[in-house]
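Enquirer: In my numbering, the protein residues as written are 212 to 343.
We put the beta carbon where it would ideally sit given N, CA and C, even for glycine.
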Amino acid sequence: CCAHRVISLEPDFIAQKGTIEELIENAGHKCIFFPKFHCELNFIERYWDAAKRYSRENCDYLWERLQKIVPESLNLVNLTTIRKFSRKIWRYIDFYRKGIDGKLVEYTIKKYKSYRRIPECVLEELNKFTND
212 CCAHRVISLE PDFIAQKGTI EELIENAGHK CIFFPKFHCE LNFIERYWDA
262 AKRYSRENCD YLWERLQKIV PESLNLVNLT TIRKFSRKIW RYIDFYRKGI
312 DGKLVEYTIK KYKSYRRIPE CVLEELNKFT ND
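Structure below.
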């Protein structure tokens, strides 16, 4: 979204650290944080989305029911699905690292499913798109 992009480029937004990040660094530790609210690069966002989808389909949104359904929805996303989310995120990261972005990333993610590496044939095919 355009507004999301504009905000993400603001210096104060980029430099802002969360309370947890400051706490960890002040204790002398290092921690790598995923980009905030970025579903392409953060599998936790995909996990949360799957839980929300279940909640929407199975809840009438009364407070008592929400208190029951939210923990249930989080527990129903199985470990295999969470691992698939993680592998997909690493594919996005790999493509961005190699300079592929935008619609080409979406095309390539759908075309190539391996979590290990991008094969040369896919990179050559992408170069055809970018050079045309």
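1. Can you give the Cα-Cα distance for Arg257 and Cys250, rounded to whole angstroms?
2. State the DSSP-derived secondary structure class of Lys279, mapped to helix, strand or coil.
3. Taking only three categories from DSSP, how would you classify Lys295?
4. Only counting the same chain, and skipping five residues up and downstream in sequence, which positions put a Cβ closer than 6 Å to that of Glu275?
5. Shortest alpha-carbon distance to Asn269 belongs to which of Arg308, Lys228 and Ser284?
6. Would you kindly report the start and end of the unbroken alpha helix (DSSP H) that includes Ile231?
7. Go through its chain and collect everything with a Cβ distance to Asp260's Cβ below 8 Å, but skip five positions before and after it.
8. Looking only at C-alpha atoms, which of Cys332, Leu337, Ala262 and Pro222 sits nearest to Leu315?
9. I'd like the span of the alpha helix (DSSP H) that includes Asp271, first residue to last.
10. Mapping DSSP to helix, strand and coil, what is Cys332?
Expert: So, from the listed chains and residues:
1. 6 Å
2. helix
3. helix
4. none
5. Ser284
6. Thr230 to Asn237
7. Cys250
8. Leu337
9. Taken as a continuous stretch (DSSP letters only), Asp271 belongs to no alpha helix (DSSP H), as it is neither H nor E.
10. helix
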